[in-house]
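Counting the sequence shown from 1 gives a position; the working numbering is that position plus 47. Below is one structure, written out as structure tokens; the observations come after it.
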Amino acid sequence: MTDKDYMRLAIEMARQGDRASKCSPIGCVLVLDGAVIAQAHNEVEHRCDPTAHAEILAMRQAGAHLHRSRFPGAVLYSTLQPCGMCSMASIWAGISRIVYGAERHQVHQMYFEDRDLDTVDFLRDAYKDDVQIEAGLLGEECAALYYGPQDDPPADEQANL
């Protein structure tokens with residue numbers, strides 16, 4: 048399978064999240080040695096757990112499946128640029144590559160902390176020897192899952208503002 052194939056799996060996970068009650072359309076697939084070892088979508092409201100992001104849930108699944116907490120050589124595919132928490136968890140988990148679809152400028156600001164700091168810029172600088180980051184894979188298709196920069200989402204859906 049190719050990067051695009053794995054991202055399409057992440058998009059399907061995001062769509063499952065969009066259809067599920069109290070979940071959101073962010074999907075993630077974790078791949079090691081060409082095999083999908085975990086996949087998830089955001090479940091923050093469903094689980095009443097602010098850490099239940101798709102990436103975190105995928106890492107928890109992978110840990111349970113592989114009986115370990117580090118995944119060197121793994122690739123994390125996410126439909127949206129990972130937040131600071133998920134990015135740093137990827138570093139601590141030893142994930143070698145992060146590939147994401149929609150970028151910050153393609154979606155409404157509510158999907159990111161209301162800060163000037165872009166976590167991916169920090170990772171590219173501070174952890175450039177630890178993780179490879181690739182942005183924009185199927186970016187338009189991924190961005191279509193979310194409110195756009197000019198949209199006016201309902202106030203009750205705007206968690207980070």
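In this text, a Cβ means the ideal position worked out from N, Cα and C, and glycines have one as well.
Taking the alpha-carbon positions, what's the residue i to residue j distance?
{"i": "residue 151", "j": "residue 166", "result": "11 Å"}
{"i": "residue 91", "j": "residue 102", "result": "12 Å"}
{"i": "residue 89", "j": "residue 171", "result": "25 Å"}
{"i": "residue 62", "j": "residue 175", "result": "32 Å"}
{"i": "residue 60", "j": "residue 199", "result": "25 Å"}
{"i": "residue 64", "j": "residue 155", "result": "18 Å"}
{"i": "residue 193", "j": "residue 108", "result": "25 Å"}
{"i": "residue 197", "j": "residue 153", "result": "10 Å"}
{"i": "residue 143", "j": "residue 201", "result": "37 Å"}
{"i": "residue 78", "j": "residue 121", "result": "5 Å"}
By alpha-carbon positions, which one of the options ends up nearest to residue i?
{"i": "residue 217", "options": "91, 135, 140, 88", "result": "Outside the modelled stretch of the chain, which goes from 48 to 208, sits residue 217, for which no answer is possible."}
{"i": "residue 110", "options": "178, 84, 189", "result": "84"}
{"i": "residue 74", "options": "100, 68, 156", "result": "100"}
{"i": "residue 145", "options": "108, 158, 183, 153", "result": "183"}
{"i": "residue 133", "options": "194, 104, 148, 173", "result": "104"}
{"i": "residue 116", "options": "95, 138, 98, 124", "result": "138"}
{"i": "residue 123", "options": "80, 76, 97", "result": "76"}
Buried or exposed: residue i, going by 16 or more other Cβ atoms within 10 Å of its Cβ?
{"i": "residue 48", "result": "exposed"}
{"i": "residue 126", "result": "buried"}
{"i": "residue 136", "result": "buried"}
{"i": "residue 129", "result": "buried"}
{"i": "residue 55", "result": "buried"}
{"i": "residue 57", "result": "buried"}
{"i": "residue 118", "result": "buried"}
{"i": "residue 68", "result": "exposed"}
{"i": "residue 70", "result": "buried"}
Please report the residue range of the alpha helix (DSSP H) in which residue i lies.
{"i": "residue 170", "result": "166-173"}
{"i": "residue 64", "result": "50-66"}
{"i": "residue 91", "result": "91-94"}
Looking at the unbroken beta strand (DSSP E) that takes in residue i, where does it start and where does it end?
{"i": "residue 150", "result": "Unbroken run through residue 150: none, as it is neither H nor E."}
{"i": "residue 79", "result": "71-79"}
{"i": "residue 179", "result": "179-182"}
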